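This report refers to the structure that appears directly beneath it.
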Amino acid sequence: MNNTEQNQIVLSVNQLSCRQSSQFQLRDISFDIPKGCCVGIIGPNGSGKTTLLKAITGFIPAKSGQILYCNHSIELYNKQALSKEIAIVLQSTELDQSMHVEDYILLGRNPYRKRWQFWESEQDIQIAETAMKITQIEPLRYRQLNALSGGEKQLVRIARAMAQEPNLFLLDEPTNHLDISHQLQILTLLNRLKHKKHMSIMIVLHDLNLASEFCDQLILMQNGKIFKMGGAKDVLTYQNIETVYHTLVIEGENPISKKPYVFLVSEDNLKKSKIQ
Amino acid sequence: MNQKAVKWLITLSILLITLTGVCIIALTMGTMNISIDKLFWILLNQIDSTDYTILMQIRLPRILVGIAVGGALSLAGVILQAVFRNPLVEPYTLGISGGAALGVSISIVFSLNQSYALSLPFFGMIGAGCVILAIYSLNAFGVVQNVQRLLLIGVMISFISNSLFMLIISLSKSEQMHSIMFWTMGSLEEPNRILVYCLLIVSLLGCLITSMFSVDLNVLSLGEADAFHLGLHVERVRNLLLILASILTGFCVSISGIIGFVGLVVPHFVRLFFGSDHRTVVMASYITGAIFIILCDLLARTLISPLELPVGIVTGLVGGLIFIYALVKK
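From first to last, the protein sequence lines are chains A and B. Throughout, our numbering is defined as the position within the first sequence, counted from one, plus 1290. Throughout, our numbering is defined as the position within the second sequence, counted from one, plus 26.
Structure, rendered in structure tokens:
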């Protein structure tokens, strides 16, 4: 990848405001995402992380401001064209269906389907096959969705989104309810996609240490606004975290990756240590 | 050729052959039984005989209505289940059949059906459309939060339409009352040939259109947000399919009366045997629905022969029991 390609801005959000319900809204959000960059969105529950992802895809319409994808407003894209470019893995998707894994992943090819096309093309099948191979879920292909474990379901969701062959990949808490080995598997996979396919990734994470470890940039949100944006070292400071999360933490460093690491401190333990 | 396409072709061929077999059996059985070898001989050589008249004037139109109604109600079930993402909804449980019945009874009481044969289905469709619109609006405003509430609302709408229906009956003249009551119980008998052919055409067209949208139905069954992100025009497709479901239900109810649970039982079992891909489910439900209704009608005609049971009672009994089974299993 040469320098110009690296600096190319894939997504540019300018002063975006939007409203999901009467109580909640996003206000004045601005940021850019360069090609091949992984941006982590962190923040407390209800700070607007999911709303932001849905606003980028146009699912929640913007009230004011602009969302530019490759320098064109997303409103100018037709739905099918946009879903070839941006894929999203939502947190709330229920997969309690009798559909087979392979059929589910093939639905990711829907943006490429011609209007009255009834069966998938050979190319669609090939691409779904590759998506299954990359996510290592080939043995699950004939299983029903409702027979999968939480981790397998998450991998299947990611494979479906990959079948869309997007350039921008949005993920809403993909590591939720997963054990550490599955968390690591999913984030390593995303890291590989970023490097191999130069995919840009926006990922909502609750685990600050995972965010620090895997993301190039972080956006810390509070009450529908961006509180702080930048590299993990700038964002994950104890002052920022205390202000946004109202929680005490101690900053540290991952000895292997040299990335910032935060330790949670409960107030009880703090009192005990002070007494001693 | 795509492996799935081959499987699809084989499934539909088997179902079509079964449907043909069932149709032949339904032609031969009744108050007067005709053996199969005699059946073809009568159809080919004895055009002036009484048997020929029975076959062509009484049994064949009933079978055609059976195919159209069974297929259309199953299709309506498939559409509603995919749109509402709930395997327990169908025209009957959502009160759509009740709405259609109300529309039809209004047209009978005000004698609107005498001037123009198609006014009955027209009023049926308006009634069904009103109920779908009501449910859809409640859904859009967030009143329907879960499956249980949706079904409860359907039951309430059924109650309201039933009460209004009773009100109309109590205000009507005795001969009208008789014709409404008989029609309500459900029967595949329709003396008006134009209506039979219209119903068949609408039903087959419905099958064709729904098949064309079967991949969209697959996408839609993932939920509104996922469907949107896969490039589907959710609102447009959903509205079109809901209008189609109300046309199909309205037309069927206006001609054959209320035949319950077909739209629930048939798609449920089709999914059980052939999987949940709507490309297969749509067509297979149509054919299986036709087979189910023709068999139920055969039971209704032969169980206490020469007397005849309304087919709605048979489908209600069989379907109701299967519905309870499905609920318990869920």
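Ideal Cβ positions, reconstructed from N, Cα and C, are used throughout, including at glycine. Please read all numbers here as calculations on a predicted model, not as lab measurements.
Inset, instruction - Return yes when the Cβ of residue 1325 of chain A is within less than 9 Å of the Cβ of residue 1298 of chain A, no when it is not. - result: yes
Inset, instruction - Give the range of the alpha helix (DSSP H) segment to which residue 238 of chain B is assigned. - result: 219–238
Legend entry - Candidates B:285, B:291 and B:242: closest to residue 1396 of chain A by CA position: B:242
Inset, instruction - Identify, in the order they occur along the chain, each residue of the same chain with its Cβ nearer than 6 Å to the Cβ of residue 1414 of chain A, setting aside the five sequence neighbours on each side. - result: 1399
Inset, instruction - Compare the beta carbon distance of residue 271 of chain B and residue 154 of chain B with 9 Å and say whether it is the shorter of the two. - result: yes
Legend entry - Short CB-CB distance (under 9 Å) between residue 1397 of chain A and chain B: yes
Legend entry - Bridge-paired residues (DSSP) for residue 1368 of chain A: Per DSSP, none; premise fails for residue 1368 of chain A.
Inset, instruction - Taking residue 109 of chain B as part of the alpha helix (DSSP H), name the residues at either end of that continuous run. - result: 86–109
Inset, instruction - Could you say which of A:1301, A:1526 and A:1388 lies nearest to residue 299 of chain B if we only look at CA atoms? - result: A:1388
Inset, instruction - Answer with buried or exposed for residue 284 of chain B, where buried requires no fewer than 16 other C-beta atoms within 10 angstroms of its C-beta. - result: buried
Inset, instruction - Answer with buried or exposed for residue 262 of chain B, where buried requires no fewer than 16 other C-beta atoms within 10 angstroms of its C-beta. - result: exposed
Legend entry - Three CB pairs or more closer than 8 Å across the region 333–353 of chain B and the region 203–214 of chain B: yes
Inset, instruction - Check the Cβ-Cβ distances between residue 238 of chain B and every residue of chain A, and say whether any is below 9 Å. - result: yes
Legend entry - Simplified DSSP assignment, three categories, for residue 1291 of chain A: In this prediction, residue 1291 of chain A scores a pLDDT of 41, lower than 50, which makes its location untrustworthy; no coordinate-derived value is stated.
Inset, instruction - Flag this pair as yes or no: are the beta carbons of residue 308 of chain B and residue 120 of chain B separated by less than 9 Å? - result: no
Inset, instruction - Kindly list, in the order they appear in chain B, the residues whose Cβ is closer than 8 Å to that of residue 1369 of chain A. - result: 254, 257, 258 and 259
Legend entry - Min CB distance residue 292 of chain B to chain A below 9 Å: no
Inset, instruction - Kindly indicate which three-state DSSP category residue 1519 of chain A falls into: helix, strand or coil? - result: strand
Inset, instruction - Taking residue 317 of chain B as the reference, give the member of B:94, B:164 and B:231 with the closest Cα. - result: B:94
Legend entry - residue 1543 of chain A - containing beta strand (DSSP E), residue span: 1539–1543
Legend entry - Other residues of its chain near residue 1354 of chain A: CB distance less than 6 Å, five sequence neighbours each side excluded: 1307
Inset, instruction - Using a cut-off of 9 Å between C-beta atoms, extract the partners of residue 1425 of chain A located in chain B. - result: Per Cβ cutoff of 9 Å: no residues; residue 1425 of chain A is ~17 Å from chain B at best.
Legend entry - Segments assigned alpha helix (DSSP H), at least 4 residues, entirely inside the region 1324–1412 of chain A: 1339–1346, 1369–1375 and 1391–1396
Inset, instruction - Examine the Cβ distances between the region 220–235 of chain B and the region 72–91 of chain B and report whether three or more of them are shorter than 8 Å. - result: yes
Legend entry - Interface partners of residue 245 of chain B on chain A, CB under 8 Å: 1397 and 1400
Legend entry - Neighbour-count burial assignment, residue 1318 of chain A, 16 or more Cβ in a 10 Å radius: exposed
Inset, instruction - Would you kindly report the start and end of the unbroken alpha helix (DSSP H) that includes residue 1494 of chain A? - result: Per DSSP, residue 1494 of chain A belongs to no alpha helix (DSSP H); it is in the beta strand (DSSP E), 1490–1494.
Legend entry - At least 3 beta-carbon pairs within less than 8 Å: the region 1335–1351 of chain A vs the region 1455–1470 of chain A: yes
Legend entry - Whole runs of the alpha helix (DSSP H) within the region 1424–1494 of chain A, excluding any shorter than 4 residues: 1440–1453 and 1470–1487
Inset, instruction - Find out if the Cβ-Cβ distance for the pair residue 1476 of chain A, residue 1445 of chain A is shorter than 9 Å. - result: yes
Inset, instruction - State the DSSP-derived secondary structure class of residue 293 of chain B, mapped to helix, strand or coil. - result: helix
Legend entry - Reduced DSSP secondary structure (H/G/I, E/B, other) of residue 1321 of chain A: strand
Inset, instruction - Indicate, with yes or no, if the ligand NAD has a heavy atom lying under 8 Å from the CB of residue 110 of chain B. - result: The ligand NAD is absent from the structure shown, which contains no ligand whatsoever.
Inset, instruction - Answer with buried or exposed for residue 67 of chain B, where buried requires no fewer than 16 other C-beta atoms within 10 angstroms of its C-beta. - result: exposed
Inset, instruction - Return the CA-CA distance between residue 1433 of chain A and residue 1391 of chain A, expressed in angstroms with no decimal places. - result: 6 Å
Legend entry - Cutoff 9 Å: residue 1410 of chain A Cβ touching any chain B Cβ: yes
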